[in-house]
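**Q** In this note's numbering, the protein residues as written are 32 to 299.
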Amino acid sequence: MLDSESSVLVTADGLWRGNKLINLKQLADGAIRQCVSKHLQVKCIVVCHLGDSLNNNINGFSTPPKAKRMSPDLQIPWHPDVDSWWHEEMAAAPVTCEPEWVESEHPLFILYTSGSTGKPKGVLHSTAGYMVYAATTFQFVFSHQPSDVYFCTADIGWITGHTYGVYGPLLQGATSILFQGIPTHPDPGRYWSIVEYYSVSKFYTAPTAIRALMKYGESYVKKYNLESLQVLGSVGEPINPEAWQWYHKVVGGGKCAIVDTFWQSETV
């Protein structure tokens with residue numbers, strides 16, 4: 032926020048990562064305090080995510096008893112001069128919103144690199160160039176069809192999550208799945224249960240996740256019907272031969288095309 036001179040931070044109240052409850056609002060407050068110490072004033076808009084996920088179970092999966100028991104005890108620190116609830120702001124907003132027309136090179140977003148080569152660098156992506164790239168590569172790399180159900184496991188804070196979890200699928204009108212959590216909770220069949228439940232046809236994940244799930248053997252994969260899968264994607268780093276073979280034979284049943292993609296985050 033300091034580097035980009037942000038003026039508003041949007042965060043959720045909290046979330047579950049595996050069986051660990053994370054108070055995001057507390058973390059956000061710490062970041063805002065650092066900004067204030069550097070004379071940058073930042074407002075905070077809070078999404079009531081944890082409460083909604085417990086009270087509106089629309090995805091067909093049962094809420095863990097531990098979540099129901101512990102989540103209401105989540106303490107949300109509040110500072111009226113800084114904080115606002117998302118749902119209250121939306122209640123006062125118009126139902127329709129006309130698009131804001133901008134030039135092709137108008138800034139769309141800044142996304143920071145991983146920092147693997149030093150300090151993370153903010154990369155400014157322009158509106159037209161980035162969206163044309165995202166729409167085109169999503170269409171042709173994954174051979175997208177209108178009937179597809181697409182599942183990208185990448186974190187949205189990463190360029191893959193931005194491009195192939197949000198922008199690419201939305202620009203092509205794709206039915207896509209957003210995942211929160213870790214692939215081994217409540218058990219290592221989490222991804223495969225989602226694939227079966229939603230009849231996923233295109234699946235995109237990282238070699239690190241594939242290798243992690245390989246350790247648990249084939250039983251968690253074989254437990255589910257993955258016949259809907261047509262294309263499997265790999266992203267983030269080169270995939271080793273053993274992981275590729277397991278992905279192809281065990282997950283894809285030997286019938287799915289595998290799109291092996293990797294690049295430097297700075298070049299996307």
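Glycine included, each C-beta is placed from N, C-alpha and C at the ideal position. Just so it is clear, the structure is predicted and the values come from calculations on it, not from any experiment.
(1) Kindly provide the ranges of any alpha helix (DSSP H) runs that are 4 or more residues long and lie completely inside the segment 147-185, ordered along the chain.
(2) Is DSSP giving I107 helix, strand or coil here?
(3) What are the boundary residues of the alpha helix (DSSP H) that S68 is part of?
(4) Which runs of the alpha helix (DSSP H) at least 4 residues long sit entirely within the segment 221-260? Give them in chain order.
(5) Determine the extent of the beta strand (DSSP E) in which A205 is found, giving its start and end residues.
(6) Hey, could you find the ends of the alpha helix (DSSP H) A274 is sitting in?
(7) Express the C-alpha separation of A240 and G267 in angstroms, rounding to a whole number.
(8) Please say whether G196 and I187 have beta carbons closer to each other than 7 Å?
(9) Throw me the rounded Cβ distance for the V252 and W223 pair, which I believe falls under 8 Å.
(10) Ends of the beta strand (DSSP E) at W116?
(11) So what does DSSP say about K286, is it helix, strand or coil?
(12) Please confirm if the segment 147-154 is in contact with the segment 171-180, defined as three or more CB-CB distances below 8 Å between the two stretches.
(13) Let me know the secondary structure DSSP gives T42 once reduced to three states.
(14) Can you tell me whether H156 is buried or exposed? The criterion is at least 16 other CB atoms within 10 Å of its CB, across all chains shown.
(15) Cβ of C75 within 7 Å of Cβ of A62?
(16) Measuring only the C-alpha atoms, how far is S35 from G153?
(17) In three-state DSSP terms, what is G264?
(18) Where do the ends of the beta strand (DSSP E) carrying L33 lie?
**A** Looking at the coordinates:
(1) 158-172
(2) coil
(3) L55 to S68
(4) 221-229, 238-245 and 250-253
(5) Run containing A205: none; DSSP gives neither H nor E here.
(6) P272 to W277
(7) 10 Å
(8) yes
(9) 5 Å
(10) D114 to W116
(11) coil
(12) no
(13) strand
(14) buried
(15) no
(16) 8 Å
(17) strand
(18) Note, L33: premise wrong, no beta strand (DSSP E); not H, not E.
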